[in-house]
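Q: Going by UniProt numbering, 483 is the number at position 483 of the sequence shown; the sequence numbering is gapless.
A single structure is presented below for examination.
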Amino acid sequence: MSKEVLDDDAVLSDVDDDDANTAPASSGEPPSADDRCRVHNLLAELEQERRARKAAEGELSRLQSTHNRLKAFAQDVIRKRDDALREKEDTARSAARAAVELAEAVRQKDALRSEVESAAQMLVSGIEKFSGKVADFKNFSAGGLPRSEKHTGMPAVAYGVVKRADEIVEELVKQIDAAAKSRDAAREQVEQRNYEIAIEVSELEATIGGLREEVSKKGSEIERLEKLVTERDAKIYILEMENSKLRQFSEDFDSKSRSLETKIQSQRPLLIGQLNHMSKAYEQIHDIIRIADAGTLDQSELLDSLSLGKEMDVDENLQTLFETSVSIYKLAKVAVHKVREKMEEKGQETRVLRDKVDELLVEKQHVGTLLRSALSSKTDKVLEMAENVLREAGIDLRLNGHGRHGVEEREDDDEVYTLAGALQNTVKASQLEIVELQHLVEALRAESSLLKAHVDSQAKEISQQKQQIKELKEKDQMANESVEGLLTDIAAAEEEIVRWKTAAEQEAAAGRAVEQEFLTQLSTLRQELNEAKQALINLENKLKFKEETAAAAMTARDAAEKSLRLADLRSTRLRERLEELTQQLEKSDNTSDSRIQNSHRYVCWPWQWPGLNFLRYHTDTQGSSNEMELSEPLI
Numbered sequence: 001m002s003k004e005v006l007d008d009d010a011v012l013s014d015v016d017d018d019d020a021n022t023a024p025a026s027s028g029e030p031p032s033a034d035d036r037c038r039v040h041n042l043l044a045e046l047e048q049e050r051r052a053r054k055a056a057e058g059e060l061s062r063l064q065s066t067h068n069r070l071k072a073f074a075q076d077v078i079r080k081r082d083d084a085l086r087e088k089e090d091t092a093r094s095a096a097r098a099a100v101e102l103a104e105a106v107r108q109k110d111a112l113r114s115e116v117e118s119a120a121q122m123l124v125s126g127i128e129k130f131s132g133k134v135a136d137f138k139n140f141s142a143g144g145l146p147r148s149e150k151h152t153g154m155p156a157v158a159y160g161v162v163k164r165a166d167e168i169v170e171e172l173v174k175q176i177d178a179a180a181k182s183r184d185a186a187r188e189q190v191e192q193r194n195y196e197i198a199i200e201v202s203e204l205e206a207t208i209g210g211l212r213e214e215v216s217k218k219g220s221e222i223e224r225l226e227k228l229v230t231e232r233d234a235k236i237y238i239l240e241m242e243n244s245k246l247r248q249f250s251e252d253f254d255s256k257s258r259s260l261e262t263k264i265q266s267q268r269p270l271l272i273g274q275l276n277h278m279s280k281a282y283e284q285i286h287d288i289i290r291i292a293d294a295g296t297l298d299q300s301e302l303l304d305s306l307s308l309g310k311e312m313d314v315d316e317n318l319q320t321l322f323e324t325s326v327s328i329y330k331l332a333k334v335a336v337h338k339v340r341e342k343m344e345e346k347g348q349e350t351r352v353l354r355d356k357v358d359e360l361l362v363e364k365q366h367v368g369t370l371l372r373s374a375l376s377s378k379t380d381k382v383l384e385m386a387e388n389v390l391r392e393a394g395i396d397l398r399l400n401g402h403g404r405h406g407v408e409e410r411e412d413d414d415e416v417y418t419l420a421g422a423l424q425n426t427v428k429a430s431q432l433e434i435v436e437l438q439h440l441v442e443a444l445r446a447e448s449s450l451l452k453a454h455v456d457s458q459a460k461e462i463s464q465q466k467q468q469i470k471e472l473k474e475k476d477q478m479a480n481e482s483v484e485g486l487l488t489d490i491a492a493a494e495e496e497i498v499r500w501k502t503a504a505e506q507e508a509a510a511g512r513a514v515e516q517e518f519l520t521q522l523s524t525l526r527q528e529l530n531e532a533k534q535a536l537i538n539l540e541n542k543l544k545f546k547e548e549t550a551a552a553a554m555t556a557r558d559a560a561e562k563s564l565r566l567a568d569l570r571s572t573r574l575r576e577r578l579e580e581l582t583q584q585l586e587k588s589d590n591t592s593d594s595r596i597q598n599s600h601r602y603v604c605w606p607w608q609w610p611g612l613n614f615l616r617y618h619t620d621t622q623g624s625s626n627e628m629e630l631s632e633p634l635i
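Given below as structure tokens:
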């Protein structure tokens, strides 16, 4: 400011010097119409600048209302974001319901496991009953079932049942051998047989053959039941594996959902900050356009840029943020364009003002020169006329320019002074206007530099925000893809759970039906076992009756001695043959299907173990001896 004041003083001093130089002039010319027109144009431009400033103030109020609308739009965006969060919570609740259904499937699996445990208890109770029935020979209940270090659970129970059945069979074999020895001793005492005993033995042999056929049929049925039981065990194992996979999947899904929720919670303040910065950037860019455009802004273009916030899809926050950044970027381009145009206009105006100032200075110098030449010419003419008059009068006198004589000379001097004063006032007013215009040009230059710096900072900030928006958009796409994948996995898991639930229910129903059939057959076989025991008792009674009859038939000992020896010889041969066949049968059973021997059939019916059918053994031996007795008359 001090420099400008010094410049003003210098300009005024130049004007004063010119006035001092032009003061003695005697005549001059009035100011031209071009100077008045230029001054009038300068005043009109100043008035136009005042009107532009008023229009800019009106634009500021309109921008304030626009800011209020943007603030309301931001509140609407926040409300939509809260709605999206509520939808996410609904999705979490649906996932919880899926977890509950998975727990229900686990409970059903536990029910199946309890059924398997009940089957194991039934096996244990059955073998305990068998142990109680053979307790007359030996006490097998002491110490519980045998245990194995290699097996646990159901296989351990099956192992204990098989070992107990093996012990029972061994004890029964011992008892059978003892009974065979006692029977051989009784047979040695029986020396007489009659035809009635032979006939009864043949009838018993036919009955035993029928029983043997029935036993073979029951054995085939038992094998079929064993296959069903093995298939059921395999299906139960598959169900357990699938349940473990579903449990692992549910745990993975829970961990993924928790990680996704933490990511969304961490990004929420970042989104809010981005929206706030976007609104501030939008307001700053509008201020730049208002300052730069100064009332000549294209209203339709501004309205289009402002209406972007209303046309955006606000269903997703990050999409809204991206579209808002795009609108701000477009508005920033408009602001840069307007500021560039305004700076060019101000530069042109500055150049025009400089040209005008130069022209005025040139005109000032030209006017001063004209005034000085006019004054000097008029002064010379007056002096020359005075010298001529004096010369005619006979007075030779030379006058200089400082002499002032006569009324006309004074009038010319007054006219010159008047013109010089008016010209001085005009020049002073022009100089003041020139100074004001120079000040205005300097202010416009400073304002344009500030606007340029502000635009550069805003451009940098917008580029940074655009980069952040791109990163947020990529994160949002990744989050959306992960959410869609998780929703697809949830739907697939729900379908898989429903399918496995239906299959488990069907398998459970089939298992219950098979178990019911198995229990029915078990009760039937128990009834048949009781009938066989009753038949064995009847046979023992008949044997006692035969022994009494043999005691009565001792008189025929001499006649039947040869027949008995021959029958004993053939019975020993048949016994050896039967033992060989039994060994071959055991070997074939062991090589063909060793798994069947360890199955539940021989656990539940140990008397049907291959090679241990003592009823068949003794009936065959007895049948061979009876055949020898029947063939004695022929011999």
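A virtual CB, placed ideally from N, CA and C, is assigned to each residue, including glycine.
With a Cβ-Cβ cutoff of 7 Å, do K138 and E171 count as a contact?
A: Contact: yes.
Q: Measure the Cβ-Cβ separation of I127 and V161 and say whether it is below 7 Å.
A: yes
Q: Out of H337, N276, R354, L260, which one is the CA nearest neighbour of residue 636?
A: It is not possible to answer for residue 636, since the shown part of the chain is limited to 1 through 635.
Q: I'd like the list of long-range same chain contacts for E507, defined as Cβ closer than 6 Å, with 5 residues on each side in sequence excluded.
A: K235
Q: Could you please give the first and the last residue of the uninterrupted alpha helix (DSSP H) stretch that includes S32?
A: Counting along the chain, S32 falls outside any alpha helix (DSSP H), and DSSP gives it neither H nor E.
Q: Please report the straight-line C-alpha distance between T582 and R573, rounded to a whole angstrom.
A: It is roughly 14 Å from the alpha-carbon of T582 to the alpha-carbon of R573.
Q: On the CB-based measure, 16 or more other CB atoms within 10 Å of its CB, does Q458 come out buried or exposed?
A: buried
Q: Evaluate contact between the stretch 217 to 230 and the stretch 82 to 92, counting only Cβ atoms and requiring at least three cross-stretch pairs below 8 Å.
A: no
Q: Tell me whether L519 is buried or exposed, calling it buried when 16 or more other Cβ atoms sit within 10 Å of its Cβ.
A: Exposed is the call here.
Q: Give the straight-line distance between the Cα atoms of M122 and A158, rounded to the nearest whole angstrom.
A: 11 Å
Q: I think I272 touches A335, with their Cβ atoms under 8 Å apart; what is that distance to the nearest whole Å?
A: That pair is no contact at about 25 Å.
Q: Measure the C-alpha to C-alpha separation of E576 and Q175 and round it to an integer number of angstroms.
A: 20 Å
Q: Ordered along the chain, which non-local residues of its own chain (more than five positions away) have a Cβ less than 8 Å from that of I497?
A: A98, E101, L102, A105, L246
Q: Can you give me the Cβ contacts of F322 inside the same chain, cut-off strictly under 6 Å, excluding the 5 residues immediately before and after it?
A: So the qualifying residues of the chain are I469, K473.
Q: Rank A491, L450, Q265 by C-alpha distance to the C-alpha of D82 and give the top, closest one.
A: Q265
Q: Exposed or buried, what is S32 when buried is set at 16 or more other beta-carbons lying within 10 Å of its beta-carbon?
A: exposed
Q: Report the option in Y329, Q274, S255 whose CA atom is closest to the CA atom of A95.
A: S255
Q: Apart from the five residues just before and just after K218, which ones in its own chain have a Cβ nearer than 7 Å to its Cβ?
A: L525
Q: Please return the same chain residues whose Cβ sits closer than 6 Å to the Cβ of L437, not counting the five positions on each side in sequence.
A: L353
Q: When you compare only the Cα positions, how much space is there between F253 and D489?
A: 8 Å
Q: As a quick exercise: from E471, T369, A491, L361, pick the residue whose alpha carbon is nearest that of A429.
A: L361
Q: Given a cut-off of 7 Å, decide if Q108 and A513 are closer than it, judged by their beta-carbon atoms.
A: no
Q: When every heavy atom of the ligand GDP is checked, does at least one fall within less than 6 Å of the C-beta of R499?
A: Judged by which ligands are present, the structure shown has none, so any question about the ligand GDP falls away.
Q: Check the C-beta distance from V455 over to I328 and give it rounded, since I have them as a contact under 8 Å.
A: Not confirmed; about 13 Å, so no contact.
Q: For a quick check, are the C-beta atoms of A74 and L275 less than 7 Å apart?
A: yes
Q: Give the DSSP-derived three-state secondary structure of P146 in the structure shown.
A: Annotated three-state conformation of P146 is coil, per DSSP.
Q: Between L444 and K338, what straight-line distance do the alpha-carbon atoms span, to the nearest angstrom?
A: In a straight line, the C-alpha of L444 is about 15 Å away from that of K338.
Q: Helix, strand or coil for E586 per DSSP?
A: Reduced to three states, the DSSP call for E586 is helix.
Q: Would E221 and W500 be called neighbours here (beta carbons separated by less than 7 Å)?
A: Against a cut-off of 7 Å, the Cβ pair of W500 and E221 comes out as no contact.
Q: Cα separation between D177 and A111?
A: Going by the C-alpha atoms only, they are around 47 Å apart.
Q: Can you look up G153 in the DSSP assignment and give me helix, strand or coil?
A: Annotated three-state conformation of G153 is coil, per DSSP.
Q: Are the CB atoms of V357 and I434 within a distance shorter than 7 Å?
A: Cβ distance < 7 Å, so I434 and V357 count as in contact.
Q: What's the gap between the Cα of E495 and the Cα of S523?
A: Their backbone Cα atoms lie some 42 Å apart in a straight line.
Q: With a CB to CB cut of under 8 Å and the five nearest residues on each side skipped, what residues in its chain are close to T350?
A: V441, L444, R445
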